[in-house]
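*Asks:* Numbered according to my numbering, the sequence shown spans residues -15 to 300. We treat Cβ as the ideally placed atom computed from N, Cα and C, and that holds for glycine. Okay, here's the structure, questions in a sec.
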Amino acid sequence: MTEKIIIDTDPGIDDTLAIFYALESKELEVVGITSVFGNVHVDLATQNALRLLEIAGHGDIPVAQGAEKPLDTAYIGPIPHIHGEDGQGNIFLPPPAGKAVDQNAAEFIVSQVSAHPGEISLVPIGPLTNIALALQLRPQIAHEVKRVVLMGGAALVPGNTNPAAEANIYGDPEAADIVFSAGWDITMVGLDVTHKVLMSQKQIDKFANSQKATAQHINKILPFSMAFASIALGKPELYLHDSIAIAYMLHPSLFEVQQYPLKVATRGIGRGKTWVWTQTMDFPPEKFNFDTKHPATVVLNADSDTVINNMLDRLL
Ligand code: RIB
Ligand code: CA
C-alpha cells in the first residue's frame, strides 16, 4: 500500500537526499512539497524544492511556499557554512522552470489532508512552523493526518545547535511545542539515531559512477558537506539526518524505538530541548504537564549498515 506524504523542507543538502530517496521509493507517493525557512531563506527553499523535483523528473509535483520566520521570534538566518549560499553546496543551479502554487504551505497541507482524511502523512524535515500553522488553521488535521514522521529533536543525547537543542526544533520551539502537543501519531527521528547513521567517503564516491540525474546532482553537492564534516567531525563521514526519517518510514524494523511522553522546552537555557519522561520520578509526569495519553515514538537506534545500503540501492 503506497503511503501518500507531504514533505516540509528547508533544502538543504541532507534535505535533498531525503527528497530524492522518497521520490525513488515506490512505497511512498510524494503528493506535495512545502518549503520553510531554516538552512536557507524560505524563498530559496522554494526555488530549491522546485529545482530538485525537476532534476528528479517530477516537475508535476506541487510546491507550496511556507513560513519565512518562526511563529513568535525572528529568523536567526541561514547556515551557508553547512549547506552553501545556495543551499546546494554552492553549485548555483539555474532557476527552476516551474513555480510554487498560489496556496501557502499551511493552506496546502490543510486542503490536501482534509480532502483525503487518514491517507496523508506529514514528513517535516525543517523547523515545524508550517505544521503548527496548519494546526492553527484547521485543528482537526490532528485526526485527519495519517501520521507525522519528523527529523528533529534530541531526547537522550546533546543537541547540535547547542548542548540542549537540535537545529529544527531550535528553529521554532513554540511551533514544535504545538506539534508535539497535538495528540496525533508522531514519530521523532532525532539526533539519538541520526548521529549513529553515517555515510562514508567510500560510499559517497559511488554516486560519481551513476548515470541517474539525481545521483549526479548528489555527487555535485556532497563534497561541500564532506568538507564541513571533516572539520566539524574530524573525519570524512556524513550525517544524513533528514534521509533517516524516510528510511524509518520504509524500513521500520531496522530501527529501535520507545514511546515516551515528550515536552519541548520553550524558555531558558534549554530552549528547544525535547525532554522525554523515561522512568519513574519523584512526581508524576502530569505535574510537569507531560502528556502521558499521547506519547511520542522516539527513534533511538538503527542497523546503520543496512539503512545506508538500502538507501544506496534506491539512490544509485
Ligand atoms: O539537525 C539537522 C536538521 O537541521 C536537518 O533537517 C538539516 O537539514 C537541518 O535543517
Ligand atoms: Ca532539513
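Need the endpoints of the beta strand (DSSP E) that residue 108 sits in, please.
*Replies:* Note, residue 108: beta strand (DSSP E), 104 to 108.
*Asks:* Buried or exposed, going by whether 16 or more other CB atoms sit within 10 Å of the CB of residue 4?
*Replies:* The residue in question, residue 4, is buried, as its Cβ has 16 or more Cβ neighbours within 10 Å.
*Asks:* Output the distance between the C-alpha atoms of residue 240 and residue 171, rounded to the nearest integer angstrom.
*Replies:* When rounded, the distance between both Cα atoms is 12 Å.
*Asks:* Ignore the nearest five residues each way along the sequence and tell me which others in residue 269's own chain have a CB closer than 6 Å to its CB.
*Replies:* Result list for residue 269: 245, 261, 276, in chain order.
*Asks:* Helix, strand or coil: how does DSSP classify residue 239 here?
*Replies:* Residue 239 falls in the strand class under three-state DSSP.
*Asks:* Give the single residue among 106, 256, 179 whose Cα lies nearest to the Cα of residue 222.
*Replies:* With distances taken between Cα atoms, residue 222 lies closest to 179.
*Asks:* Just to confirm the assignment, what range does the beta strand (DSSP E) spanning residue 16 have?
*Replies:* Here the beta strand (DSSP E) through residue 16 covers 12 to 19.
*Asks:* Residue 212 to residue 24, Cα distance in whole Å?
*Replies:* Those two C-alpha atoms are separated by around 17 Å.
*Asks:* Do residue 294 and residue 235 have their beta-carbon atoms positioned less than 8 Å apart in this structure?
*Replies:* Contact flag set, yes.
*Asks:* Does ligand 2 have a heavy atom nearer than 7 Å to the CB of residue 113?
*Replies:* Residue 113: no, Cβ never under 7 Å from ligand 2.
*Asks:* With H, G and I counted as helix, E and B as strand and the rest as coil, what does DSSP make of residue 184?
*Replies:* Three-state DSSP puts residue 184 in a strand.
*Asks:* Shorter than 7 Å, the distance from the beta carbon of residue 166 to the closest heavy atom of ligand 1, or not?
*Replies:* For ligand 1, not one heavy atom lies less than 7 Å from the Cβ of residue 166.
*Asks:* How would you label residue 150, buried or exposed, when you count the other beta carbons within 10 angstroms and need 16 or more for buried?
*Replies:* It counts as buried.
*Asks:* Which same chain residues end up closer than 7 Å to residue 205 when comparing Cβ atoms and leaving out the 5 residues on each side of it in sequence?
*Replies:* Excluding residues within five positions, the ones whose Cβ falls inside 7 Å are -3, 0, 72, 73, 75.
*Asks:* Looking at the unbroken alpha helix (DSSP H) that takes in residue 128, where does it start and where does it end?
*Replies:* Taken as a continuous stretch (DSSP letters only), the alpha helix (DSSP H) holding residue 128 covers 125 to 128.
*Asks:* CB-CB under 7 Å to residue 35, same chain, minus the five flanking residues each way: which ones, in chain order?
*Replies:* Within the same chain, residue 35 has close Cβ partners 77, 80.
*Asks:* Between residue 161 and residue 248, which are expected to be in contact by the criterion C-beta below 8 Å, what is the C-beta distance as a whole number of angstroms?
*Replies:* Sure, about 4 Å apart at Cβ, within 8 Å.
*Asks:* Mind checking whether residue 256 and residue 113 have CB atoms under 8 Å apart?
*Replies:* No, Cβ-Cβ distance for residue 256 and residue 113 is not below 8 Å.
*Asks:* Grab me the residues of residue 49's own chain with a C-beta within less than 7 Å of its C-beta, minus the 5 sequence neighbours each way, in chain order.
*Replies:* So the list reads 19, 26, 30, 84, 88, 89, once near-sequence residues are dropped.
*Asks:* Using a Cβ-Cβ cutoff of less than 6 Å, which residues in the same chain neighbour residue 194 once the five nearest sequence positions on both sides are dropped?
*Replies:* Within the same chain, residue 194 has close Cβ partners 300.
*Asks:* According to DSSP, residue 221 sits in a beta bridge with which residue or residues?
*Replies:* Beta-bridge pairing links residue 221 to 184.
*Asks:* Thinking C-alpha only, which one of 286, 199, 280, 283 is nearest residue 41?
*Replies:* When only C-alpha atoms are compared, the closest one is 199.
*Asks:* Confirm the yes/no value for this check: CB of residue -1, any heavy atom of ligand 2, distance under 7 Å.
*Replies:* Residue -1 Cβ: within cutoff of ligand 2.
*Asks:* Under 8 Å, with one C-beta from each stretch per pair, do the segment -15 to -7 and the segment 52 to 65 reach the 3-pair mark?
*Replies:* Contact between the segment -15 to -7 and the segment 52 to 65 is absent, because fewer than three Cβ pairs lie under 8 Å.
*Asks:* Give every residue of the same chain whose Cβ lies closer than 8 Å to the Cβ of residue 279, excluding the five residues on either side of it in the sequence, and list them in chain order.
*Replies:* Contacts found: 243, 244, 245, 246.
*Asks:* Could you pull the start and end residues of the alpha helix (DSSP H) that residue 293 belongs to?
*Replies:* Taken as a continuous stretch (DSSP letters only), the alpha helix (DSSP H) holding residue 293 covers 288 to 299.
*Asks:* Quick one: what does DSSP say residue 23 is sitting in, helix, strand or coil?
*Replies:* Residue 23: coil per DSSP, three-state reduction.
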